[in-house]
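K.L.:
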Amino acid sequence: MSEDTPISVTMEKDGEVAVIIVNNPPVNALSWHVRQGLEDNFGAALADDSVKAIVLRCAGATFIAGADISEFGKPPRGPDFNAVLGSIEAASKPVVAAIHGTALGGGLETALVCHYRIAVPSAKLGVPEVKLGLLPGAGGTQRLPRVVGVEAAATMTSTGDPLPAAKAKELGLVDELAGEDSLAADAIAFARAKIADGPRPTREREVFGDVGVIEQLKARNAKRWRGFEAPYANLACVEAATRLPFDEGLAFEREQFMKLMFGSQSAAQRHIFFAERQAAKIDGLPKDTALRDVKKVGVIGAGTMGGGISMNFLQKGIPVTIVEMAEDALDRGVGVIRKNYDASAAKGRFKPEQVDQMMGILTPSLSLDDLADCDLIIEAVYENMDVKKDIFGKLDKIAKPGAILASNTSYLDVDEIATATNRPGDVLGMHFFSPANVMKLLEVVRGEKTAPDALATAMAIGKKIGKVAVVAGVCDGFIGNRMLKPRQMEAMKLLLEGATPAQVDKVHVEFGMPMGPFQMSDLAGVDIGWHRDPNRIESIRDALAAEGRWGQKKQAGFYDYDDKRNPSESPRVAEIIEEFRAKAGVEKREITDQEVIERTLYPMVNEGALILSEGKAQRASDIDVVWIYGYGWPVYRGGPMFWAGLEGTDKIVAALEKHGFEIAPLLKEKAEAKSGF
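If you want our numbering, it's the 1-based position in the sequence shown plus 13.
#1: Considering only residues of the stretch 473–536, which uninterrupted beta strand (DSSP E) runs meet the minimum length of 3 residues and lie entirely inside it, listed in chain order?
#2: So for Leu138, helix, strand or coil by DSSP?
#3: Look up Met24 in the DSSP assignment and give the residues it is bridged to.
#4: When the Cα atoms are used, what is the spatial distance from Lys498 to Met533?
#5: So, Gly118 versus Ala78, is the Cβ gap smaller than 9 Å?
#6: Does DSSP put Ala686 in a helix, a strand or coil?
#7: Tell me where the alpha helix (DSSP H) around Ser100 begins and ends.
#8: Pop quiz: Gly460 and Val487 are said to be a contact at Cβ under 8 Å. What is the actual Cβ separation, rounded to whole angstroms?
#9: CB Gln631 to CB Val484, shorter than 9 Å?
#10: For Pro158, count neighbouring Cβ atoms within 10 angstroms of its own Cβ and tell me buried if that reaches 16, exposed if not.
#11: Touching or not, the stretch 466–479 and the stretch 300–316, by the rule of three or more beta carbon pairs under 8 Å?
#12: Please confirm whether Leu190 and Leu184 have their CB atoms less than 9 Å apart.
#13: Identify every run of the alpha helix (DSSP H) within the stretch 577–601, keeping only runs that are complete inside it and at least 4 residues long; order them along the chain.
#14: According to DSSP, is Gly406 helix, strand or coil?
#15: Cutting at 6 Å between CB atoms, please list the residues of its own chain near Trp563, excluding the five before and the five after it.
#16: Buried or exposed: where does Ile82 fall if 16 or more other Cβ atoms within 10 Å of its Cβ makes it buried?
#17: Which residue or residues does DSSP assign as beta-bridge partners of Gly564?
#18: Taking C-alpha atoms, which residue in Gly222, Ala198, Val517 and Lys106 lies nearest to Gly2?
#19: Taking the C-alpha atoms as reference points, what is the distance between Gly99 and Ala206?
#20: Does Pro89 pass the burial test, meaning 16 or more other C-beta atoms within 10 Å, or should it be called exposed?
#21: Quick one: residues in its chain with C-beta nearer than 6 Å to the C-beta of Glu242, no 5 flanking neighbours on either side, listed in chain order?
#22: Would you be able to state if there are at least three C-beta pairs under 8 Å between the stretch 253–273 and the stretch 119–138?
#23: Quick one: what does DSSP say Tyr615 is sitting in, helix, strand or coil?
#24: Return helix, strand or coil for Pro19, following the three-state DSSP convention.
#25: I need the boundaries of the beta strand (DSSP E) containing Cys71, first residue and last residue.
#26: Would you say Leu145 and Phe286 are within 9 Å of each other, going by their C-beta atoms?
#27: Quick one: what's got a C-beta closer than 6 Å to Val97's C-beta in the same chain, skipping five residues either side?
#28: When burial is assigned at 16 or more other CB atoms within 10 Å of the CB, is Asp17 buried or exposed?
#29: Compute the Euclidean distance between the alpha carbons of Asp606 and Gln516, then round it to the nearest angstrom.
#30: Over the uninterrupted alpha helix (DSSP H) stretch that includes Ile636, give me the two end residues.
#31: Starting from Ser378, trace the beta strand (DSSP E) both ways and give me its first and last residue.
#32: What's the gap between the Cα of Lys402 and the Cα of Gly542?
#33: Checking the sheet assignment: what are the DSSP bridge partners for Gly442?
#34: Tell me the rounded alpha-carbon separation between Ala433 and Gly311.
#35: In this structure, how does DSSP classify Ala111 when only helix, strand and coil are distinguished?
#36: What residue from Val22, Leu59, Leu248 and Tyr424 has the CA that sits closest to Ser44's CA?
Structure (structure tokens):
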């Protein structure tokens, strides 16, 4: 070991048991120096005749929590991980893994080459690589079927969900449960007891279980896994374990791992993993900015959004006062919250007493004055500037000093809303996505005068209630809806030129979106934002709305719907499109699927480039996070800005120019350099 190698693995002895301890904070990741330390210390323990058994455990809060992701894509350093694991498995003395915290990914693969495993009851064990578009690449797919059987191995690798220690013991992944506070001593005693039994190499155990469960898993998860490569690659490796000798199975796993590792999907999923963490950082804000205390929240509006927003806080034990103008609207809103919680309780998500506790800290009110003791007040009323300014003017007089005043607006000017108060530093946007108790995205809109501590508090409270919060600047539609606008506009133009709603939607669904622009419009409501004058028909949407074709809720929108909300193409919509086409003097032509992509998805990248250059998003990866968590952009494509790099910014610019778009200077710059964002 050279002098510049960090000492992250040490060894101590307890009689005839050697204890090898990994200490690589914060999560004992398998960095190159950990692999080196394992190789050196196992070598020393095996060469020492006085050592009869070996325990591998970790210092700190967890067992080895996985690979060091920061090393991905860099030149290899230190010993090969597979070679280190192979030598542990081949040890001539029994090796016991002592597990606490989490044994994930490469951490669980390390535990699998140990001959026995002991864990504290609170430990969790799993192989989450599939969530990064990968598979366990150090024998996990070959050893798990030999330890837990084909069904459990296939499920663990393809879903990535960890197992609690008790379940792991039931499956045979853990041999013994230790005392929660006595793992070190219990592991040594367990190792001592195994000296007589000797080593038990995992690779020599037989694979067991029914291989038929693999096809059942595919059928059960077809919708969830649509478009993803990694779940199927994981299953192919587990299947290979059932028919190939161990070393051949290992070679197959390695081949599949390398395909995924250097493929675009894993690159995209790893990008989003880091992007989500990056989004929490606020540019230009000191890390030690003191946060405001938020112990009580006020929500104005008990409709779908206000109710959903309230549920986020109630679930975290934060009291909420919810205000409506009319008694029936208030009762209806509180009733919907209760109904949602009861439905969750029926599915086992909450206990009935938890529902009572959450409802117990909800205070319904008909008076804004009851918000005087709230630390954060979120307005969630109709998208009308005059209405919002009126409310904020009243809040200015009612809210206590230092209370954060937030608007849930999805596109209105937060700076203008702030002018209704004498405290613009306390005003910002908190744009929740519908349904607000389910959707993970929260756009936190930083106004020109928003105080740094107000912004930092809104971001922190977003994280506390389980949201992925992203800072956005003030502009029409902020990040997400601003990019949605050119997509929707082009989709409507394509209808006039010859595409059908079904074709445009099909292209988006095949791309990986949960639904296309017209399916989305029907789900949200064609009448949303409509001027409500049936005699003023200026667009196809106006014509649909005027005829009461408001979407799924009316069983008619861009599509016709049956009683189960199954869509079918509508002859009436085709007529309306034809009428507008004739009026506009547009000749119908064949539209290719490629043109649909070029005219609906490429303009989003162009708009994203404008958002970036105007400073309305802090970084390109923030835009990707918005689209992944707010709009269902497929995670395996990494968000629109990451995808632009995969697609080729030069290709995107050439197509946009061909279709007559004005190109954002930043996008043009990237295209000339043939680089991504």
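Cβ atoms here follow ideal geometry from the backbone N, Cα and C, with glycine treated the same way.
P.N.:
Let's see:
#1: Complete beta strand (DSSP E) runs here, min 3: 481–486.
#2: Taking the sequence shown and counting its residues from 1, the one referred to as residue 138 is at position 125. Strand at Leu138.
#3: In the sequence shown, the residue the question calls residue 24 occupies position 11. In DSSP, Met24 forms a bridge with Ile33.
#4: One-based indexing of the sequence shown puts residue 498 at position 485. One-based indexing of the sequence shown puts residue 533 at position 520. If I take the Cα positions, the gap works out to 13 Å.
#5: Position 105 of the sequence shown, counted from the start, is the residue given in the question as residue 118. Position 65 of the sequence shown, counted from the start, is the residue given in the question as residue 78. Yes.
#6: Sequence index remark: in the sequence shown, residue 686 carries index 673 (1-based). It is coil, neither helix nor strand.
#7: In the sequence shown, the residue the question calls residue 100 occupies position 87. Note, Ser100: alpha helix (DSSP H), Phe94 to Glu102.
#8: Mapped onto the sequence shown, residue 460 falls at position 447. Mapped onto the sequence shown, residue 487 falls at position 474. Gly460 to Val487, Cβ: 6 Å. Contact.
#9: Taking the sequence shown and counting its residues from 1, the one referred to as residue 631 is at position 618. Taking the sequence shown and counting its residues from 1, the one referred to as residue 484 is at position 471. In contact: Gln631 and Val484 (Cβ atoms closer than 9 Å).
#10: For the purposes of this step, residue 158 is identified with residue 145 of the sequence shown, where counting begins at 1. Counting Cβ neighbours within 10 Å, Pro158 comes out buried, since at least 16 surround it.
#11: yes
#12: As a working mapping, residue 190 is identified with position 177 in the sequence shown. As a working mapping, residue 184 is identified with position 171 in the sequence shown. Not closer than 9 Å, so no.
#13: 584–597
#14: Here residue 406 refers to the residue found at position 393 of the sequence shown. Gly406: helix per DSSP, three-state reduction.
#15: Position 550 of the sequence shown, counting from 1, holds the residue named residue 563. Beyond the five residues adjoining it in sequence on each side, Trp563 comes within less than 6 Å, by CB distance, of Gly538, Val539 and Asp540 in the same chain, given in chain order.
#16: Looking up residue 82 in the sequence shown gives position 69. Exposed: under 16 other Cβ atoms inside 10 Å.
#17: To locate residue 564, count along the sequence shown from 1; it is residue 551. For Gly564, which the question treats as bridged, DSSP gives the partners Ala569.
#18: This structure leaves residue 2 out entirely; the chain is present only between 14 and 690.
#19: Residue 99 sits at position 86 when you count from the first residue of the sequence shown. Residue 206 sits at position 193 when you count from the first residue of the sequence shown. So the two alpha carbons sit approximately 24 Å from each other.
#20: As a working note, residue 89 is residue 76 in the sequence shown. Counting Cβ neighbours within 10 Å, Pro89 comes out exposed, since fewer than 16 surround it.
#21: Residue numbering aside, residue 242 sits at position 229 when the sequence shown is read from its first letter. Hits under 6 Å: Gln278.
#22: no
#23: Taking the first residue of the sequence shown as 1, we reach residue 615 at position 602. Correct three-state label for Tyr615: helix.
#24: Within the sequence shown, the letter at position 6 stands for residue 19. In the structure shown, Pro19 sits in coil (DSSP, three-state: anything other than H, G, I, E or B).
#25: Here residue 71 refers to the residue found at position 58 when the sequence shown is read from its first residue. Note, Cys71: beta strand (DSSP E), Ala66 to Cys71.
#26: Start at 1 with the first residue of the sequence shown, and residue 145 comes out as number 132. Start at 1 with the first residue of the sequence shown, and residue 286 comes out as number 273. Yes, the pair counts as a contact, with Cβ atoms nearer than the cut-off.
#27: Indexing the sequence shown from 1 puts residue 97 at position 84. Counting only residues of its own chain and dropping the five nearest sequence neighbours on each side, Val97 has a CB closer than 6 Å to the CB of Arg48, Leu51 and Glu52.
#28: Along the sequence shown, one-based indexing puts residue 17 at 4. When all chains shown are included, Asp17 counts as exposed.
#29: Residue 606 sits at position 593 when you count from the first residue of the sequence shown. Residue 516 sits at position 503 when you count from the first residue of the sequence shown. A straight line joining the alpha-carbon of Asp606 with that of Gln516 spans about 8 Å.
#30: Counted from its first residue, the sequence shown places residue 636 at position 623. Ala633 to Tyr644 is the extent of the alpha helix (DSSP H) around Ile636.
#31: Sequence index remark: in the sequence shown, residue 378 carries index 365 (1-based). Leu375 to Ser378 is the extent of the beta strand (DSSP E) around Ser378.
#32: In the sequence shown, the residue the question calls residue 402 occupies position 389. In the sequence shown, the residue the question calls residue 542 occupies position 529. So the alpha carbons of these two residues sit roughly 19 Å apart.
#33: On the sequence shown, residue 442 is found 429 positions in, with the first residue counted as 1. Answer is Ser420 and Val458.
#34: Residue mapping note: residue 433 aligns to position 420 of the sequence shown, counting from 1. Residue mapping note: residue 311 aligns to position 298 of the sequence shown, counting from 1. Roughly 19 Å separates the two Cα atoms.
#35: For this step, residue 111 is matched to residue 98 along the sequence shown. Residue state, collapsed to three classes: strand.
#36: Numbered from its first residue, the sequence shown carries residue 44 at position 31. The residue with the shortest Cα to Cα distance from Ser44 is Val22.
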